[in-house]
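Taking it in order: structure first as structure tokens, then the write-up.
Residue numbers (my numbering): 352 to 604.
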């Protein structure tokens, strides 16, 4: 990755830009934040390309990520810490933290050198773990509650033979959401919930979605995820290059 003359994060290889190494945690944080402005580096890397601070925002959420050494004066690549500050509604903050942990595929609070990390952060590993897990569990509980609410709506609509196939499809989508939640795959949970919601709207006798669809001779409803796939968005995560080497969250590797 690189930084342009205005201090914004850009892809690597652009002539005149300075080099910066984000690491896997910062990359995961940007992806989890979603569509956002290119991060602005309030503190640019100098000799040490892993020491920096950037900020960005997306909707109601703002994020600041700081990378610094917690041992070895920046000479030990395994001993870098990422401090992530997220400001915004609890539900959104929890979802971002959940996605960061899921993307990394490991415990983000476990550093390479525990004693030095605890001294630098002034918190124990247990305290770090508790902070992460509290938000992760909050996000999981919210998604599970959504699944439960939709499942109850499916049960309430049971009884009409003409809508049973639609309700069965909705229930199947909810099963897919449960599996995705168990796999910590929040985007898949959202897609499955969206499909289940669409089926419920179609099956609900108080709506005219089914008759309108039939009158339209098979024209299909464009759902929110279809629209997103068709729209071109400029987001910070698009700047990330999957070929780059990655580092650690707390003790970057």
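Built from N, CA and C at the ideal position, the CB exists for glycine as well.
This structure is a prediction, so every number in the text was calculated from the model and none was measured.
Check, Outcome
"Which residue comes first and which comes last in the beta strand (DSSP E) that contains residue 371?", "Note, residue 371: premise wrong, no beta strand (DSSP E); not H, not E."
"Report yes if the CB atom of residue 403 is closer than 7 Å to the CB atom of residue 394, and no otherwise.", "yes"
"Rounded to whole angstroms, what is the Cα-Cα separation between residue 376 and residue 477?", "19 Å"
"Which partner residues does residue 433 have in the DSSP bridge list?", "418"
"Are there 16 or more other CB atoms within 10 angstroms of the CB of residue 500, so buried, or fewer, so exposed?", "exposed"
"Do you know how far the Cα of residue 361 is from the Cα of residue 354?", "6 Å"
"In the DSSP assignment, the beta strand (DSSP E) including residue 483 goes from what residue to what residue?", "Taken as a continuous stretch (DSSP letters only), residue 483 belongs to no beta strand (DSSP E), being part of the alpha helix (DSSP H) at 476 to 508."
"Should the stretch 480 to 499 be called in touch with the stretch 527 to 542, which here means at least 3 C-beta pairs below 8 Å?", "yes"
"State the CB to CB distance for the pair residue 432 and residue 468, rounded to an integer number of angstroms; the pair is presumed to be in contact (CB under 8 Å).", "7 Å"
"Using alpha carbons as the reference points, say which of 538, 458, 489 lies closest to residue 382.", "538"
"Leaving out the 5 sequence neighbours to the left and right, which residues in its chain are closer than 8 Å to residue 455 when beta-carbon positions are compared?", "375, 376, 379, 600"
"Out of 434, 518, 522, 521, state which residue places its alpha-carbon closest to the alpha-carbon of residue 479.", "434"
"Taking the alpha-carbon positions, what's the residue 352 to residue 486 distance?", "29 Å"
"Can you tell me whether DSSP reads residue 451 as helix, strand or coil?", "helix"
"Could you check if residue 442 is buried or exposed, using at least 16 other CB atoms within 10 Å of its CB as the buried criterion?", "exposed"
"In whole angstroms, what separates the C-alpha of residue 445 from that of residue 492?", "10 Å"
"Got a sec, what are the start and stop residues for the beta strand (DSSP E) residue 467 sits in?", "Here residue 467 belongs to no beta strand (DSSP E); instead the alpha helix (DSSP H) covers 465 to 472."
"Taking 7 Å as the cut-off, decide whether the C-beta atoms of residue 518 and residue 554 are in contact.", "yes"
"Just confirm the distance between the C-beta atoms of residue 389 and residue 371, as a whole number of angstroms; I'd bet it's less than 8 Å.", "The Cβ separation is near 12 Å, so there is no contact."
"Please classify residue 443: does DSSP put it in a helix, a strand, or coil?", "helix"
"Write down the C-beta distance between residue 373 and residue 414 rounded to the nearest angstrom, noting that I regard them as a contact closer than 8 Å.", "Actually they do not touch by this definition, with Cβ atoms about 13 Å apart."
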